[in-house]
Amino acid sequence: GTTRCTNCRTGNTPLWRRNPQGQPLCNACGLFLKLHGTVRPLSLKTDIIKKRNR
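Anchor point for the sequence shown: position 35 equals 35 in UniProt numbering, and the numbering is continuous, going up by one each time.
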């Protein structure tokens, strides 16, 4: 089946991550959890993946 993020339910991510319980998280939610120690609020969810100019 299709992997879905446990937090925001997206299936569109450049990289799948996992939470400490081993559940799949998308890249954004996984990074947010790692950085902040809390799950990403769904108010931050967008379907636009921001391209960064480096």
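The beta carbon of each residue, even a glycine, is placed where N, CA and C say it ideally should be.
Here the structure is a predicted model, which means the values were calculated and not measured.
Would you check if the distance between the CB atom of residue 29 and the CB atom of residue 6 is smaller than 9 Å? yes
Measuring CB to CB, does residue 27 end up less than 9 Å from residue 14? In this structure, residue 14 lies closer than 9 Å to residue 27 by Cβ.
Suppose the cutoff is 6 Å on Cβ atoms and the five residues either side in sequence are ignored; what does the same chain contact list for residue 11 look like? 2 and 4
Excluding five sequence neighbours on each side, which residues of the same chain lie with their C-beta closer than 6 Å to the C-beta of residue 32? 40
Buried or exposed: residue 25, going by 16 or more other Cβ atoms within 10 Å of its Cβ? buried
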